[in-house]
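In what follows, a single structure is set out as structure tokens and then discussed.
In our numbering, the protein residues as written are 8 to 191.
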């Protein structure tokens, strides 16, 4: 056992590298502070930028912000949009994947008759659509073209869709959702 401080503690400039679980907890705390006016849009944007700099941080941020009750993703402040754009391809990738997953789950919940879960998936789908419209257009176009090709059985994302077991109807809805991003 060592008493040496963690690498994060020794360097105040070290980037935030939270685990997925920590990122979810941090995001929930920050969103609550923001909703109560205790955190400005600019400070929240700085914190979001730190989180989305790592894959687990970004995943945790999106789980809470997309699926939760916070209104953040329904009315993104400009500084937060800029922070998310600064997250680059990683943010675009996770947004596209969340669009696909929420779209497929909407159909799954409809089939199982779970209106509450369906509404939640529809909300995530809408939030992802709007977010993708705000991110860097060229990166979004490239990422969504890859996802769209996979719905037709081609390209890199086929393994992603196969891993989740999406059927032909779910894939068709994912293709529609991808195309809807461009319909602004």
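Don't be surprised by glycine CBs; every beta carbon is placed ideally from N, CA and C.
If you measure from the CB of residue i, is any heavy atom of the ligand MN nearer than 6 Å?
i          : result
residue 61 : As presented, the structure is devoid of all ligands, the ligand MN included, so that no description of it is given.
Spatial neighbours of residue i within its chain, please: C-beta separation below 8 Å, excluding the five flanking residues on both sides.
i           : result
residue 59  : 65, 68, 90, 91, 93, 94, 97 and 98
residue 179 : 158
residue 146 : 95, 96 and 99
Apart from the five residues on each side of it in sequence, which residues of its chain come closer than 7 Å, Cβ to Cβ, to residue i?
i           : result
residue 102 : 135, 138, 139 and 142
residue 37  : 46, 51 and 54
According to DSSP, is residue i part of a helix, a strand, or is it coil?
i           : result
residue 144 : helix
residue 171 : coil
residue 161 : coil
residue 47  : coil
residue 26  : coil
Check this for me: beta carbons of residue i and residue j, under 7 Å apart or not?
i           : j           : result
residue 110 : residue 181 : yes
residue 87  : residue 35  : no
residue 155 : residue 188 : no
residue 81  : residue 27  : no
residue 125 : residue 117 : yes
residue 77  : residue 24  : no
residue 163 : residue 149 : no
residue 84  : residue 121 : no
residue 106 : residue 177 : no
Might you give, ordered along the chain, the residues of its own chain that have their beta carbon closer than 6 Å to the beta carbon of residue i, omitting 5 neighbours on each side?
i           : result
residue 41  : 51
residue 56  : 90 and 93
residue 165 : 157
### Query
Could you give the uninterrupted runs of the alpha helix (DSSP H) lying entirely in the stretch 51-123, keeping only those of 4 residues or more?
62-74, 85-93 and 95-119
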